[in-house]
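Numbering (our numbering), first residue to last: 45 to 257.
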């Protein structure tokens, strides 16, 4: 009788340990926006059935995709030049060139502009040239400007007067193979296209501005 009692107690202890193992193996912990099923060594040893580790979230499943997901960073294009423009009315514009091109500036015809241009990564052995191929004057003269830099960062101050007709007056800044474009526009910009008249297929009838078959 005593042996039966001891055997019963042992079986009861084993059943309790199995239940505790199943409970521990199915614990869910929340971290941020992802839920991960966690399993410890003791839980695996005491679990009554195999436990599968699951990850719920937006992390890719394949190793390569997971590595790219964890290492990709937002990289902004480098700023290669900066321009500070003072207009005839005293207002100022601050522009940055990304990949060699400034955003467009709209000004008036025959407007004098004072421009301070800062170039990054200059080559002191090469001259810097500024051309106004579409017209206007640079420092009150027709023709390009040439500037020599003695450091890797060059600052150029000059005056540019736009032409008297509407249109584009870009300033091209070059040094060797390097090219920067300061896009200046005079007057209101023309629309690239306007909607034409309504067209109707053969057999359609127009009634009160609408088409009906």
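Where a beta carbon is used, it is the ideal one built from N, C-alpha and C, also for glycine.
Residue i, enclosing beta strand (DSSP E) - first and last residue
{"i": "residue 185", "result": "Per DSSP, residue 185 belongs to no beta strand (DSSP E) and is neither H nor E."}
{"i": "residue 201", "result": "198-205"}
{"i": "residue 223", "result": "222-226"}
{"i": "residue 156", "result": "156-163"}
{"i": "residue 125", "result": "123-130"}
{"i": "residue 148", "result": "Run containing residue 148: none; DSSP gives neither H nor E here."}
{"i": "residue 140", "result": "136-142"}
{"i": "residue 175", "result": "172-175"}
{"i": "residue 216", "result": "215-219"}
Residue burial classification, residue i (beta-carbon count within 10 angstroms, cutoff 16)
{"i": "residue 123", "result": "exposed"}
{"i": "residue 59", "result": "exposed"}
{"i": "residue 57", "result": "exposed"}
{"i": "residue 186", "result": "exposed"}
{"i": "residue 180", "result": "buried"}
{"i": "residue 197", "result": "exposed"}
{"i": "residue 217", "result": "buried"}
{"i": "residue 142", "result": "exposed"}
{"i": "residue 54", "result": "exposed"}
{"i": "residue 206", "result": "buried"}
Closer than 8 Å to chain B by CB, residue i
{"i": "residue 164", "result": "Among the chains in the structure shown there is no chain B, since it carries only a single protein chain."}
Cβ-Cβ distance between residue i and residue j below 8 Å
{"i": "residue 230", "j": "residue 213", "result": "yes"}
{"i": "residue 157", "j": "residue 131", "result": "yes"}
{"i": "residue 166", "j": "residue 172", "result": "yes"}
{"i": "residue 139", "j": "residue 145", "result": "no"}
{"i": "residue 125", "j": "residue 182", "result": "no"}
{"i": "residue 188", "j": "residue 200", "result": "no"}
{"i": "residue 168", "j": "residue 195", "result": "yes"}
{"i": "residue 227", "j": "residue 149", "result": "yes"}
{"i": "residue 170", "j": "residue 220", "result": "yes"}
{"i": "residue 153", "j": "residue 191", "result": "no"}
{"i": "residue 261", "j": "residue 215", "result": "No statement about residue 261 is possible, as the shown extent of the chain runs from 45 to 257 and does not include it."}
Beta-bridge pairing of residue i - partner residues as DSSP gives them
{"i": "residue 211", "result": "230"}
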